[in-house]
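First comes the structure, then the notes that go with it.
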Amino acid sequence: MTARGTWSCLLALMGSLGCAGIQQVPEAPPPEVPPQVIRADLHVHVTMREALRPFFQGEPGDGVLAGSHAERLVNQVDPAALRRAGVRLILATVWPPPATRPGRSALGEALHQLEELEAFARRSPDFVLAHSAEEARRELARGQLVLVPAIEGGEGIRRVEDVDLLHAAGARSITLVHFFDNPLADAADDQFGPLVGGLTNGREGGLTPLGVEAVRRMIQLGILIDVAHASDKAIEDVLAITEPAGVPILYSHTGAGWAETRCLSTPLAQRIGRSGGLIGIGLFRSPFQEVPLTERWEGFQPGTCDDDVAHWLHYVRHTSPEAVMLGSDFSSVILRASPGGACARGMRHAGDLPALFAALEARGITRDNLDSSGERVLRLLEAVEVRSDPGVRQSARKLSPPRDDLFPD
Numbered sequence: 122m123t124a125r126g127t128w129s130c131l132l133a134l135m136g137s138l139g140c141a142g143i144q145q146v147p148e149a150p151p152p153e154v155p156p157q158v159i160r161a162d163l164h165v166h167v168t169m170r171e172a173l174r175p176f177f178q179g180e181p182g183d184g185v186l187a188g189s190h191a192e193r194l195v196n197q198v199d200p201a202a203l204r205r206a207g208v209r210l211i212l213a214t215v216w217p218p219p220a221t222r223p224g225r226s227a228l229g230e231a232l233h234q235l236e237e238l239e240a241f242a243r244r245s246p247d248f249v250l251a252h253s254a255e256e257a258r259r260e261l262a263r264g265q266l267v268l269v270p271a272i273e274g275g276e277g278i279r280r281v282e283d284v285d286l287l288h289a290a291g292a293r294s295i296t297l298v299h300f301f302d303n304p305l306a307d308a309a310d311d312q313f314g315p316l317v318g319g320l321t322n323g324r325e326g327g328l329t330p331l332g333v334e335a336v337r338r339m340i341q342l343g344i345l346i347d348v349a350h351a352s353d354k355a356i357e358d359v360l361a362i363t364e365p366a367g368v369p370i371l372y373s374h375t376g377a378g379w380a381e382t383r384c385l386s387t388p389l390a391q392r393i394g395r396s397g398g399l400i401g402i403g404l405f406r407s408p409f410q411e412v413p414l415t416e417r418w419e420g421f422q423p424g425t426c427d428d429d430v431a432h433w434l435h436y437v438r439h440t441s442p443e444a445v446m447l448g449s450d451f452s453s454v455i456l457r458a459s460p461g462g463a464c465a466r467g468m469r470h471a472g473d474l475p476a477l478f479a480a481l482e483a484r485g486i487t488r489d490n491l492d493s494s495g496e497r498v499l500r501l502l503e504a505v506e507v508r509s510d511p512g513v514r515q516s517a518r519k520l521s522p523p524r525d526d527l528f529p530d
């Protein structure tokens, strides 16, 4: 099978390759949240069109929005919709997919995706990149939508110096592992369910020796450590390093811990929350994350955004309201909440966030809690930055990330 064929098969597992017709949604928008409100999203694929070219269609601001919860390969982010929802601070996650381009290594693909994120920000007047909490605060005060560059998957890190290169290229958050075990850590088993899970993850363990070095270097550089997709043992190994150092971490997007796959367990969620870390609730449907009857309420409709609300409430009960916030995973190749329940139109794109937030308020999450999520992310960035090593940061900033393309774009 060719590299492109292998990649297509993986896409088929994650979602249909058939794209429904691209359309703009003409419905009347909800009232905009006051501009002084700064809500956050811990996980958005802002530039997925570049990562999944030519399969993915549209990007924020070009008028292309998914018209259905089932459109998995169409842009789901719009700047006007984000403003209406009050979401103005985003961990903009680049996903270096399995390398299929001749001459580009896994590290080269990550560096390339960071360049594409920078290019997007240059051509998009609504968005600006920020590489520190101070920069983010300044740009938010100017009314911008602020993107903090993040990388999903550390496959490109083959030596600790590669972390320095990613920092020099702008990365301020790194998810250590994605769907597959990599040189840093063991991925969570069965992320695609028991039938396919064995094909994606064969190692049993936690951080590798290189992973330990990489985590320590991320602390020195002030890079957020994201343990989404990692095995429980890998998360425990990370916490064994970060807790004594007083460094909070995040789990950027998850479902509730009652499921056996693709979720953050309750004990680990509690440790992350106690250390000042953050947990993002992903807005995705999975057959492996069915909400148990004991967690439902009268009128609960499975498969709708009621599931997302239930996941959110689960972590709030077991950690604290301050530890939990949005980690939408918008513009990833996943199925979202269908129409019904608390969200009449389902969860198609960022324009449906106001309905989700209203549903959370109706179930006891306060408006102040939702409105303070941006400030909590800024404090997380500051907490990580203050524990970094200025000398290591300065040395990394002097590096020039290489290009290893045989064929330019």
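Mind the numbering: the sequence shown is residues 122 to 530 in the working numbering, read in order. Positions of the beta carbon are idealized from the N, C-alpha and C atoms, including for glycine. As the structure is a computational prediction, the values presented were derived from the model and not from experiment.
Report the CB separation of Met339 from Val298 in whole angstroms; it is logged as a contact under 8 Å.
Met339 to Val298, Cβ: 13 Å. No contact.
Taking its Cβ as the centre, do 16 or more other Cβ atoms sit within 10 Å of Val185, making it buried, or is it exposed?
Burial state of Val185 is buried, judged by a 10 Å Cβ sphere holding 16 or more other Cβ atoms.
The alpha helix (DSSP H) with Gly394 in it runs from where to where?
Its alpha helix (DSSP H) spans residues Thr387 to Arg395.
Out of Ala444, Gly472 and Cys426, which one is the CA nearest neighbour of Glu463?
Contrary to the premise, residue 463 reads as Ala rather than Glu in this sequence. The option with the nearest alpha carbon to Ala463 is Cys426.
Where does the unbroken alpha helix (DSSP H) through Leu414 begin, and where does it stop?
Looking at the DSSP string, Leu414 is not in any alpha helix (DSSP H), and its letter there is neither H nor E.
To which residues of the same chain is Leu389 closer than 6 Å at the C-beta, ignoring the five residues directly before and after it?
Beyond the five residues adjoining it in sequence on each side, Leu389 comes within less than 6 Å, by CB distance, of Ile356 in the same chain, given in chain order.
Can the beta-carbon of Phe248 be found closer than 9 Å to that of Leu232?
At least 9 Å separates the beta-carbon of Phe248 from that of Leu232.
Which whole runs of the beta strand (DSSP E) in the region 166 to 248 are 3 residues long or more, in chain order?
Whole beta strand (DSSP E) segments, 3+ residues: 208 to 215.
Quick check for students: name the residue ranges of the beta strand (DSSP E) that lie wholly in the region 425 to 509, counting only runs of 3 or more.
Every unbroken stretch of the beta strand (DSSP E) spanning 3 or more residues and falling wholly within the region 425 to 509 is given here in chain order: 445 to 447.
Taking the alpha-carbon of Glu364 as reference, which of Cys384, Ser373 and Gly394 has the nearest alpha-carbon?
Cα-wise, what sits closest to Glu364 is Gly394.
The beta strand (DSSP E) enclosing Asp347, as first and last residue numbers:
Counting along the chain, the unbroken beta strand (DSSP E) around Asp347 starts and ends at Leu345 to Asp347.
Cα separation between Val158 and Pro330?
Answer to the nearest angstrom: the Cα atoms are 42 Å apart.
Nearest to Gln422 (by Cα), restricted to the options Leu399, Trp433, Gly467 and Ser396
Comparing alpha carbon positions, the residue from Leu399, Trp433, Gly467 and Ser396 closest to Gln422 is Gly467.
Contact belief for Arg170 with Val208 at Cβ below 8 Å, rounded distance in angstroms:
Rounded, the Cβ-Cβ distance is 20 Å, inconsistent with contact.
Beta strand (DSSP E) segment containing Ile278, residue limits
It is not in any beta strand (DSSP E) - Ile278 carries neither H nor E in the DSSP assignment.
From the DSSP secondary-structure annotation, give me the bridge partner or partners of Val269.
Val269 has Leu212 as its beta-bridge partners, per DSSP.
For Ile159, which three-state DSSP category applies?
Residue state for Ile159 is assigned as coil, using DSSP reduced to three classes.
For Ser373, the first and last residue of its enclosing beta strand (DSSP E)
Judged by DSSP secondary structure, Ser373 falls within the beta strand (DSSP E) whose first and last residues are Leu371 to Thr375.
Measure from the alpha carbon of Glu419 to the alpha carbon of each residue in Ala271, Leu447, Pro475 and Arg484, then state which is nearest.
It is Arg484 whose Cα lies nearest to the Cα of Glu419.
How big is the Cα-Cα spacing for Ala289 and Leu250?
About 14 Å.
Using a Cβ-Cβ cutoff of less than 8 Å, which residues in the same chain neighbour Ser360 once the five nearest sequence positions on both sides are dropped?
The sequence given here has Leu at residue 360, not Ser. Cβ within range, chain order: Ile370, Leu389, Arg392, Ile393 and Ser396.
How many Å lie between Phe478 and Leu491 at the Cα?
Going from the Cα of Phe478 to the Cα of Leu491 covers about 8 Å.
Using the three-state DSSP reduction, which class does His288 fall into: helix, strand or coil?
Here His288 sits in helix by DSSP.
For the alpha helix (DSSP H) containing Gly331, name the first residue and the last one.
One point to set straight first is that residue 331 is Leu, not Gly, in the sequence displayed. Here the alpha helix (DSSP H) through Leu331 covers Pro330 to Leu342.
How should Val269 be labelled, buried or exposed, when 16 other C-beta atoms within 10 angstroms of its C-beta is the threshold for buried?
Residue environment: Val269 is assigned as buried (16 or more neighbouring CB atoms within 10 Å of its CB, all protein chains considered).
Between the alpha carbons of Trp216 and Leu235, how many angstroms are there, rounded?
The alpha-carbon atoms of Trp216 and Leu235 are separated by roughly 9 Å.
Residue environment, Ser452, which counts as buried when at least 16 other CB atoms sit within 10 Å
Ser452 sits buried, since 16 or more C-beta atoms from the chains shown fall within 10 Å of its C-beta.
What separation, rounded to the nearest whole angstrom, lies between the Cα atoms of Ala201 and Gly398?
If you take the alpha carbons of Ala201 and Gly398, they lie about 29 Å apart.
Using only CA atoms, which one of Pro156, Leu228 and Leu212 lies nearest to Ile400?
Proximity to Ile400 across Pro156, Leu228 and Leu212 peaks at Leu212, based on C-alpha coordinates.
Going by other Cβ atoms of all chains shown within 10 Å of its Cβ, with 16 needed for buried, is Gln341 buried or exposed?
Under this definition Gln341 is a buried residue.
Between which two residues does the alpha helix (DSSP H) carrying Leu360 extend?
For Leu360, the enclosing alpha helix (DSSP H) starts and ends at Asp353 to Ala366.
Exposed or buried, what is Ala124 when buried is set at 16 or more other beta-carbons lying within 10 Å of its beta-carbon?
The predicted model places Ala124 with a pLDDT of 39, which falls under 50 and marks its position as unreliable; any figure quoted below should be read in that light. Counting the other Cβ atoms within 10 Å of the Cβ of Ala124 gives fewer than 16, which makes it exposed.
Measuring straight from C-alpha to C-alpha, what distance separates Pro523 and Gly461?
So the alpha carbons of these two residues sit roughly 49 Å apart.
Of all the options Arg293, Arg279 and Pro413, which has the alpha carbon lying nearest to the alpha carbon of Gly229?
Restricting attention to Arg293, Arg279 and Pro413, the CA atom closest to the CA of Gly229 is found in Arg279.
Going by DSSP, name the residue or residues bridged to Gly401.
BP columns for Gly401 point to Met446.
Do Gly424 and Ser459 come within 9 Å of each other at the CB atom, strictly closer than that value?
Yes, these two residues count as a Cβ contact at 9 Å.
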